[in-house]
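Heads up: the protein sequence lines correspond to chains A and B, in order.
Quick note on numbering: the first sequence equals residues 1 to 114 in the working numbering.
Quick note on numbering: the second sequence equals residues 115 to 227 in the working numbering.
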Amino acid sequence: DTGVSQNPRHKITKRGQNVTFRCDPISEHNRLYWYRQTLGQGPEFLTYFQNEAQLEKSRLLSDRFSAERPKGSFSTLEIQRTEQGDSAMYLCASSPTGERYGYTFGSGTRLTVV
Amino acid sequence: AQKVTQAQTEISVVEKEDVTLDCVYETRDTTYYLFWYKQPPSGELVFLIRRNSFDEQNEISGRYSWNFQKSTSSFNFTITASQVVDSAVYFCALSKKGNQFYFGTGTSLTVIP
Numbered sequence: 001d002t003g004v005s006q007n008p009r010h011k012i013t014k015r016g017q018n019v020t021f022r023c024d025p026i027s028e029h030n031r032l033y034w035y036r037q038t039l040g041q042g043p044e045f046l047t048y049f050q051n052e053a054q055l056e057k058s059r060l061l062s063d064r065f066s067a068e069r070p071k072g073s074f075s076t077l078e079i080q081r082t083e084q085g086d087s088a089m090y091l092c093a094s095s096p097t098g099e100r101y102g103y104t105f106g107s108g109t110r111l112t113v114v
Numbered sequence: 115a116q117k118v119t120q121a122q123t124e125i126s127v128v129e130k131e132d133v134t135l136d137c138v139y140e141t142r143d144t145t146y147y148l149f150w151y152k153q154p155p156s157g158e159l160v161f162l163i164r165r166n167s168f169d170e171q172n173e174i175s176g177r178y179s180w181n182f183q184k185s186t187s188s189f190n191f192t193i194t195a196s197q198v199v200d201s202a203v204y205f206c207a208l209s210k211k212g213n214q215f216y217f218g219t220g221t222s223l224t225v226i227p
């Protein structure tokens with residue numbers, strides 16, 4: 001296992017288009033998280049899954065955002081009708097269950113909305 | 115509410131100097147976890163250390179050391195004999211339940227050769 005994998009690494013889209021990102025976590029990790037990081041800021045929590053169940057969503061996750069983890073393995077994050085304010089690095093992380101574990105992060109998907 | 119403050123936005127040091135990165139946190143919980151992550155220019159966040167709220171022992175790992183003081187709600191990170199490869203953005207984070215991390219705004223460290 002080579003860690004958390006995110007695709008694509010970069011995405012440029014026109015405002016109003018829909019985009020979808022994919023995250024493949026470490027296989028034995030049952031928790032999966034999505035974070036968003038803008039320039040000069042720390043990552044901000046968006047949502048997390050325990051296996052296939054989405055257990056928590058941030059208020060940052062507007063109705064235009066949807067995340068899925070259909071079989072408890074990979075996850076997708078879709079943004080509909082993108083806006084320029086959506087431009088950011090979208091980070092995925094995974095961990096075993098338990099608050100004492102740190103995350104393993106992927107390299108992120110950098111979204112630019114033009 | 116949970117909050118992490120990293121007051122130092124940018125730090126520059128000359129190679130081989132020691133440098134301390136400050137982290138102050140706020141939480142009302144008695145059980146929590148603190149973390150440090152490194153984000154090199156490549157962008158991937160790299161886990162450095164975890165500390166739980168019941169363990170105030172300082173920790174040393176090679177050139178890295180961490181000073182956790184509950185009395186001042188601080189979890190500071192020191193790099194001894196800094197190297198150019200230490201140049202990165204460093205984030206302190208707080209986790210209450212493990213399902214959500216609260217990150218500080220990061221400290222950008224530049225080590226000048």
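Cβ coordinates follow ideal geometry from the N, Cα and C atoms, glycine included.
In this text the structure is predicted, and so the values were computed from the model without any measurement.
In this structure, the straight-line span from the alpha carbon of G176 of chain B to that of S62 of chain A is close to 43 Å. As computed with DSSP, E68 of chain A is found in a beta bridge with A:T76. Look at F182 of chain B: its C-beta is not under 9 Å from any C-beta on chain A. About 5 Å separates the CB atoms of F21 of chain A and T109 of chain A; that is less than 8 Å, so the two are in contact. V127 of chain B carries a strand assignment under DSSP once its states are collapsed to helix, strand and coil. In the DSSP assignment, L162 of chain B falls within the unbroken beta strand (DSSP E) covering 160-166. In this structure, the CA atom of A67 of chain A is about 10 Å from the CA atom of K57 of chain A. Residue burial is scored here from C-beta neighbours: A88 of chain A has at least 16 other C-beta atoms within 10 angstroms and is therefore classed as buried. Taking 9 Å as the threshold, the shortest C-beta distance from A202 of chain B to chain A does not fall below it.
Within chain B, the residues placing a beta-carbon under 7 Å from that of Q41 of chain A are T219, ordered along the chain. Taking C-alpha positions only, R81 of chain A is separated from K14 of chain A by approximately 9 Å. In the DSSP assignment, E56 of chain A forms a beta bridge with A:Y48.
If you draw a 10 Å sphere on the C-beta of T221 of chain B, you find 16 or more other C-beta atoms in it, and that means buried. DSSP, read as helix, strand or coil, puts S95 of chain A in strand. Assigned with DSSP and collapsed to three states, V225 of chain B falls in strand. Listed in chain order, the non-local C-beta contacts of I174 of chain B below 7 Å within the same chain number zero, local neighbours out to five positions each way being set aside. With a 10 Å radius around the Cβ and a threshold of 16 neighbouring Cβ atoms, P155 of chain B comes out exposed. Assignment of T38 of chain A by DSSP, reduced to helix, strand and coil, places it in the coil class. An exposed status is given to L55 of chain A, since fewer than 16 other beta-carbon atoms sit within 10 Å of its beta-carbon. Assignment of K210 of chain B by DSSP, reduced to helix, strand and coil, places it in the coil class.
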